[in-house]
Each structure stands twice: as C-alpha cells, then as structure tokens.
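Be aware that the sequence shown starts at 184, since it is given in this note's numbering, and climbs by one per residue.
The C-beta atom is built at its ideal place from N, Cα and C for all residues, glycine as well.
First comes the structure, then the notes that go with it.
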Amino acid sequence: MPKSKRKVLVLHYFFNNDDFLMKRNEIRPAHLSYLRQHSNHNGNKVEFKVAESLDGKSFYWPLTTHHNEIMRFMQEDPYYTEGLVRDVTIYMHTIIEKCSS
184 MPKSKRKVLV LHYFFNNDDF LMKRNEIRPA HLSYLRQHSN HNGNKVEFKV AESLDGKSFY
244 WPLTTHHNEI MRFMQEDPYY TEGLVRDVTI YMHTIIEKCS S
C-alpha cells in the first residue's frame with residue numbers, strides 16, 4: 184500500500200496529573216464537545232486521536248496554520264481553562280499516511 188508524507192504542526196499538552204485524575208471526569212464532556220466542534224470531521228482543521236494518555240494529548244494542524252490560531256484553540260479548551268494543562272509544546276512533525284490503492 185503506498186504511503187504519503189505531510190508536515191503538520193502539533194500542539195502537545197502535558198497534564199498536571201494530580202489535578203487531571205481528580206477533575207477529568209467532570210470536565211471531560213465539555214472537553215470532548217469542544218474537540219468535536221473543532222474537528223476536521225466537522226470541516227475544521229484539527230486532527231486528534233480520541234484515546235487520551237495520562238501524560239499528555241496531541242492535536243494536529245496543517246502546516247499553514249498560524250501560531251495564534253493554535254494558541255487560541257489551546258486557551259479555550261476546558262482542560263486548559265480549568266488548569267489541567269501544566270505545559271504546552273508546539274512543533275513541526277511529519278506524518279506518513281497510508282494511501283488506499
């Protein structure tokens with residue numbers, strides 16, 4: 184199966200694990216609703232995997248996305264506004280995608 188590469192910008196949250204474990208259940212519905220609103224499946228730019236690790240979460244944007252747009256997304260996410268995110272990293276990443284033949 185052929186593969187294609189693309190570059191993306193990645194926003195990675197590093198969770199405050201103590202608060203994350205205590206507050207996650209009450210905040211998670213708002214967080215998931217927020218993600219659905221911004222998902223590329225709804226015509227927007229953000230890609231993500233639904234599975235959530237306890238140490239962080241990554242979101243993917245097209246390389247042409249402006250830094251301010253990514254920061255605004257992060258600052259409006261309920262996990263961020265409720266203090267569950269202790270640090271953030273934005274970096275460029277290459278994704279190899281399987282292409283259907």
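Taking each of I273, I278, Y262 and E280 in turn and checking the Cα distance to E209, the smallest one comes out for Y262. Here DSSP, grouped into helix, strand and coil, assigns K228 to coil. Taking a cut-off of 8 Å for Cβ pairs, the segment 219–230 and the segment 267–276 do not touch, as fewer than three such pairs fall below it. DSSP, read as helix, strand or coil, puts E209 in helix.
Its chain contains H195, Y196, F197 and F198 as the residues whose beta carbon lies nearer than 7 Å to that of G239, once the 5 sequence neighbours on both sides are disregarded; these appear in chain order.
When secondary structure is reduced to three states using DSSP, D238 falls in the coil class, being assigned neither helix nor strand. Between D270 and the set H249, N227, S241 and E252, the nearest pair of CA atoms involves S241. K206 and L267 have their alpha carbons spaced roughly 8 Å apart.
Taking C-beta separations shorter than 6 Å and ignoring five residues to either side along the sequence, M254 has no partners in its chain.
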